[in-house]
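Encoded as structure tokens, the structure appears first; notes follow it.
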Amino acid sequence: MQEVQQLKEPYLLIGKSVTRTDAREKVTGAAVYTYDMHLPNMIFGKIKRSTHAHAEIIGIDTSRAMKLKGVRAIITGKDLPNIRRGILVKDTPVLAVDRVRYVGDPVVAVAADTAEIAEEALELIDVEYRDLPAIFEAEEAMKKNPVVVIHPDLKSYSAKYAGADAGIPNLHAYFKVRKGDFDAACEKCDLVVENTFQTNIVQHFQLEPVVSIAKVEPNGTITVWDSTQVPFMLRNELSEALQIPPEKINVIVPHVGGGYGGKLLSVIAPITAALAIHSRRPVKLALTRKEVFDCSCVRQPFAITVKDGVMKDGRIQARKVTSYISGGAYSGGMGVNEAKTSICGISHYKTDNFWYDAFRVYTNRVPGGPYRGFGAMQVNWAIESQMDILAERLGMDPIEFRLKNLLNEGDRNVIGEMTESTEHKALLLKAKEMVSWGSETAPQGPWRFGKGISIGHKWSFAPTASSAVVKYSFGGTLNVQASAVDMGTGALTVLGQIAGEVMKMPIEKIRVSMPDTNITPFSDGAFSTRQTYNDGNAVRLATLDLKKQIVERAAPILRADPLDLDVRNGTVYIKRNPDKLIPIDDLFVKGVSRGGAFAPVRDFIGAATWYQTAGALRPEDGQCTTDRACAFYDVVAASAEVAVNIETGQTKVLRLCLAVDPGTVINPMLLEGQVQGAAFMAFSNTLFEELVFENGVAVNPELADYKIAGAKDAPEITVSWRGTPFPDGPFGAKGIGEGPMLPTTGAITNAIYSAVRVRPHDLPITAEKILMKLASESC
Amino acid sequence: MSELSKKYPINLNVNGMEYSVEVKPSESLNDVLRENLGLTGTKRGCDYGGCGSCTIIVNGKACYSCMYPAIRASGKTITTIEGLEQNGQLDPIQEAFVAKGGFQCAFCTPGFVMSTKALLSDNPNPTDNEIKEAIVGNICRCTGYTKILESIRYAILLQKEGPKKVQKTVTSGTIKIDFGNP
Numbered sequence: 022m023q024e025v026q027q028l029k030e031p032y033l034l035i036g037k038s039v040t041r042t043d044a045r046e047k048v049t050g051a052a053v054y055t056y057d058m059h060l061p062n063m064i065f066g067k068i069k070r071s072t073h074a075h076a077e078i079i080g081i082d083t084s085r086a087m088k089l090k091g092v093r094a095i096i097t098g099k100d101l102p103n104i105r106r107g108i109l110v111k112d113t114p115v116l117a118v119d120r121v122r123y124v125g126d127p128v129v130a131v132a133a134d135t136a137e138i139a140e141e142a143l144e145l146i147d148v149e150y151r152d153l154p155a156i157f158e159a160e161e162a163m164k165k166n167p168v169v170v171i172h173p174d175l176k177s178y179s180a181k182y183a184g185a186d187a188g189i190p191n192l193h194a195y196f197k198v199r200k201g202d203f204d205a206a207c208e209k210c211d212l213v214v215e216n217t218f219q220t221n222i223v224q225h226f227q228l229e230p231v232v233s234i235a236k237v238e239p240n241g242t243i244t245v246w247d248s249t250q251v252p253f254m255l256r257n258e259l260s261e262a263l264q265i266p267p268e269k270i271n272v273i274v275p276h277v278g279g280g281y282g283g284k285l286l287s288v289i290a291p292i293t294a295a296l297a298i299h300s301r302r303p304v305k306l307a308l309t310r311k312e313v314f315d316c317s318c319v320r321q322p323f324a325i326t327v328k329d330g331v332m333k334d335g336r337i338q339a340r341k342v343t344s345y346i347s348g349g350a351y352s353g354g355m356g357v358n359e360a361k362t363s364i365c366g367i368s369h370y371k372t373d374n375f376w377y378d379a380f381r382v383y384t385n386r387v388p389g390g391p392y393r394g395f396g397a398m399q400v401n402w403a404i405e406s407q408m409d410i411l412a413e414r415l416g417m418d419p420i421e422f423r424l425k426n427l428l429n430e431g432d433r434n435v436i437g438e439m440t441e442s443t444e445h446k447a448l449l450l451k452a453k454e455m456v457s458w459g460s461e462t463a464p465q466g467p468w469r470f471g472k473g474i475s476i477g478h479k480w481s482f483a484p485t486a487s488s489a490v491v492k493y494s495f496g497g498t499l500n501v502q503a504s505a506v507d508m509g510t511g512a513l514t515v516l517g518q519i520a521g522e523v524m525k526m527p528i529e530k531i532r533v534s535m536p537d538t539n540i541t542p543f544s545d546g547a548f549s550t551r552q553t554y555n556d557g558n559a560v561r562l563a564t565l566d567l568k569k570q571i572v573e574r575a576a577p578i579l580r581a582d583p584l585d586l587d588v589r590n591g592t593v594y595i596k597r598n599p600d601k602l603i604p605i606d607d608l609f610v611k612g613v614s615r616g617g618a619f620a621p622v623r624d625f626i627g628a629a630t631w632y633q634t635a636g637a638l639r640p641e642d643g644q645c646t647t648d649r650a651c652a653f654y655d656v657v658a659a660s661a662e663v664a665v666n667i668e669t670g671q672t673k674v675l676r677l678c679l680a681v682d683p684g685t686v687i688n689p690m691l692l693e694g695q696v697q698g699a700a701f702m703a704f705s706n707t708l709f710e711e712l713v714f715e716n717g718v719a720v721n722p723e724l725a726d727y728k729i730a731g732a733k734d735a736p737e738i739t740v741s742w743r744g745t746p747f748p749d750g751p752f753g754a755k756g757i758g759e760g761p762m763l764p765t766t767g768a769i770t771n772a773i774y775s776a777v778r779v780r781p782h783d784l785p786i787t788a789e790k791i792l793m794k795l796a797s798e799s800c
Numbered sequence: 145m146s147e148l149s150k151k152y153p154i155n156l157n158v159n160g161m162e163y164s165v166e167v168k169p170s171e172s173l174n175d176v177l178r179e180n181l182g183l184t185g186t187k188r189g190c191d192y193g194g195c196g197s198c199t200i201i202v203n204g205k206a207c208y209s210c211m212y213p214a215i216r217a218s219g220k221t222i223t224t225i226e227g228l229e230q231n232g233q234l235d236p237i238q239e240a241f242v243a244k245g246g247f248q249c250a251f252c253t254p255g256f257v258m259s260t261k262a263l264l265s266d267n268p269n270p271t272d273n274e275i276k277e278a279i280v281g282n283i284c285r286c287t288g289y290t291k292i293l294e295s296i297r298y299a300i301l302l303q304k305e306g307p308k309k310v311q312k313t314v315t316s317g318t319i320k321i322d323f324g325n326p
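Sequence lines, in order, name chains G and H.
With the first letter of the first sequence counted as 1, position 51 gets the number 72 in the working numbering; the numbers rise by one all the way through.
With the first letter of the second sequence counted as 1, position 20 gets the number 164 in the working numbering; the numbers rise by one all the way through.
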């Protein structure tokens, strides 16, 4: 272990586990979430959903429901603008028109005085369907002549999509990488190994269900309160869906009870807003837990084939990976992007010959969409399983084998990006040390013990932007206006620490706003590990702008050059003579009426926009047009120790160790919380969770049948981090929200193999699968 | 009017205050707390006792308020998350969750705090297994439980020794670079 390096600057707030600014309201129950809100005159929405996996709508009869007392609005797809929305492929109607494509597809929406009346009204609505053939598996959907085409008009949808000319009618997103000549390189290899892997459908399970409230204001504008991760994106999606200009829509985000990617899509807000428009009443629409499970958004399953050619000395000479993504009935907003983003789950090893193909196809199931790790987790697990398989075939230690192939600083990765400020090897070795690699636990009764290791990196997407406005108020408070969504991450606290650090003010004096698109400045929102870095940079720059104004105003009073001045704790002082200072409050003019004080000429307001550029990946070969296709890489290595019961197949994860590289750590306690939480989520996804569909119907969309790991299952999770500042980050920070999702599953899988020599190739790794494998191995 | 939609008057003692409300037999205590009394600190995540975010204390026992018929609560003593703070002072359990970062999105937090409150009222010195048993009906999707367990252990210490005697431990004070390059 190296000696602890001190940072050059003594920081006031950066690197400190300051208490979350929302702590008190959250532990007292005072924090208000959208789910808790109630407006005067508010009524309640409910959705009539398709009971058919794929069918034409022959007719909808709402006449009986309209007569029910207390029903205030009923809308069908035909009552709405004839618009399909989507971020890349515009394929998703607000309510189904003519055709339903999954069990749960919204068909009719009702608003009534109470949720019970709305529910009753749904029962009185008759929808007549004519069944169409349905597709449930990616394999069938990939056919050039499938049993059915789920979006026959796909080619006429407004957005272009890659792979349109492949002749696969259900294909709607495709991404490829072509580097070197895979086949030629493979022929020269000592060993060629091919394996396939299948990931599970899991649900985000945010504790606060998906919920939206919409109100038409007297001036005709619409206010929406929503548990969203992306207020500005939601505003634009609402605008598109309802054909109302975005400036006439205001999105306000109260506290958000968890997101994990599942609150990126505007699953219900357009329906809520349409109900509000039709009823002229504020409408609240909250999904039931069952609807959240099977009608909102799921992590889409990947079928992944990995074929590798390696040399005896352990060099990977050729690698070909193919992903078939069963995307569900629609493109899932940004879910369609996973075909491309998944590349960052497998780009951490170098090889001269690398081919990747990712196909996303329509299937008749609830749409897949963003889920913490965004496609990278799925392929990373396949690759990290394959790495252990290869190491064993080569007779090499899995860590040595990885070290031989991991990227070094200055290497070009498989998509041509320059490897900068990442420390893959150091992190892998740290994860090795944390789990006491090499020391073995002897069997105890039926229990066998094993350790496993894995590594991955998740990029944070770019180009992207965030803005911030920071105001210094008389009395010594700093008001930070940004549009970061704190869905639990501690983003608002982190932004407060960044602003406070620039002004050298205590966190108690800093207020960070929550998003309100009419008032707070632009941000792309909370996804892709982006807020600490992007919103953080915007806040840092805006606060520097503010500081410059304050210092310039103080300079003539202190008779000093602005460059010789600095700020601290509500004062401006001369750097070489810190006793000579002026309180910032003295720069205000006091005693005007009884209103306190004002800043003459111009209020003390700083503003800035952070715009992160990035190169594009060329469609023909997936190679980056510049040195970077993203904002940064978040590298995480994981190690696990497990115990497996050979009589029952049960796996207990005893320890999870995560070595992470988040750049400068703004708040160690929040960092640990993010890493532990993501690793635990991956652990629960790996061993317990699967939303099972039969003929398009989810058979276990309730907690009694869908197991989520609890306190008794919880392994000890330890976190270690490097704090090497990242040059472009605010005070050197990157982000950490998703990275630990990637390697955790691989580490557990590899540990199970080391314990009992069986390796399930499909998730989740249940006791049954282990037992069956153990039984078949012993035959 | 059918039996089911008829409303019946009940008296509730919630956080030391008396309330008279009229409820339908189908209404849960969760409905009454959140909708009639405006006490939205008690959450609702599933409506069938699956997630624990609605946990409250009725006559000393932790209960899922979403599964508790309001009509059965008549005359009983109910404590919700809003009832823990006394004279502006947080309950030691709340203090501990703040100090140890035992929450993130915090939609589950009132439930965890109330389960812990019921546990520590009965058993001020529980073992780790007893702690886990007490929160087995509460799901947290954010934290991975590590910091929740740390918070509860710290709450036990705070209750035992009082807030002033316990050194506030900060996870890490400064940025550390605690291992070298290979």
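We put the CB at the ideal spot given by N, CA and C, even for glycine.
Only a predicted model underlies this, so the values are computations on that prediction, with no experimental measurement involved.
Limits of the alpha helix (DSSP H) - the one that residue i falls within
{"i": "G/Val169", "result": "From DSSP, G/Val169 is part of no alpha helix (DSSP H); its letter is neither H nor E."}
{"i": "G/Cys207", "result": "Phe203 to Glu208"}
{"i": "G/Gly557", "result": "Gly557 to Leu579"}
{"i": "H/Phe241", "result": "Pro236 to Lys244"}
{"i": "G/Gln518", "result": "Ala512 to Met524"}
Nearest-angstrom Cα separation, counted from residue j out to residue i
{"i": "H/Gly245", "j": "G/Gly760", "result": "20 Å"}
{"i": "G/Ala699", "j": "H/Thr287", "result": "8 Å"}
{"i": "G/Leu212", "j": "G/Thr770", "result": "23 Å"}
{"i": "G/Asn539", "j": "G/Thr564", "result": "21 Å"}
{"i": "G/Gly477", "j": "G/Asn401", "result": "7 Å"}
{"i": "G/Asn14", "j": "H/Gly306", "result": "It is not possible to answer for residue 14 of chain G, since the shown part of chain G is limited to 22 through 800."}
{"i": "G/Arg381", "j": "G/His193", "result": "6 Å"}
{"i": "G/Thr510", "j": "G/Leu286", "result": "19 Å"}
{"i": "G/Asp186", "j": "G/Arg649", "result": "29 Å"}
{"i": "H/Glu239", "j": "G/Thr443", "result": "38 Å"}
Simplified DSSP state of residue i, which is helix, strand or coil
{"i": "G/Glu158", "result": "coil"}
{"i": "G/Tyr594", "result": "strand"}
{"i": "G/Lys371", "result": "coil"}
{"i": "G/Ser549", "result": "coil"}
{"i": "H/Glu294", "result": "helix"}
{"i": "G/Asn103", "result": "coil"}
{"i": "G/Phe625", "result": "coil"}
{"i": "G/Gly744", "result": "coil"}
{"i": "H/Met211", "result": "helix"}
DSSP beta-bridge partners of residue i
{"i": "H/Asn157", "result": "H/Glu162 and H/Thr221"}
{"i": "G/Thr462", "result": "Answer is none; G/Thr462 lacks a bridge partner."}
{"i": "G/Val237", "result": "G/Ile243"}
Range of the contiguous beta strand (DSSP E) that encloses residue i
{"i": "G/Trp402", "result": "Run containing G/Trp402: none in the beta strand (DSSP E); it sits in the alpha helix (DSSP H), Ala397 to Leu415."}
{"i": "G/Pro127", "result": "Pro127 to Ala133"}
{"i": "G/Ile474", "result": "Trp468 to Phe482"}
{"i": "G/Ala21", "result": "With chain G covering 22 to 800 only, the question about residue 21 of chain G has no answer from this structure."}
{"i": "G/Glu215", "result": "Leu212 to Gln219"}
{"i": "G/Lys341", "result": "Ile337 to Gly349"}
{"i": "G/Thr326", "result": "Phe323 to Val331"}
{"i": "G/Asn271", "result": "Ile270 to Ile273"}
Pair within 8 Å by beta-carbon distance, residue i and residue j
{"i": "H/Lys304", "j": "G/Ala732", "result": "no"}
{"i": "H/Gln213", "j": "H/Ser172", "result": "Strictly speaking, residue 213 of chain H in this sequence is Pro, with Gln absent from that position. Yes, these two residues count as a Cβ contact at 8 Å."}
Any non-hydrogen atom of the ligand GTP within 7 Å of residue i CB
{"i": "G/Val560", "result": "With respect to the ligand GTP, the structure offers nothing, as it holds no ligand at all."}
*Taking any Cβ of chain A, which residues in the region 201-235 of chain G have a Cβ under 9 Å from it, in chain order?*
Absent here is chain A; the protein component of the structure consists of chains G and H.
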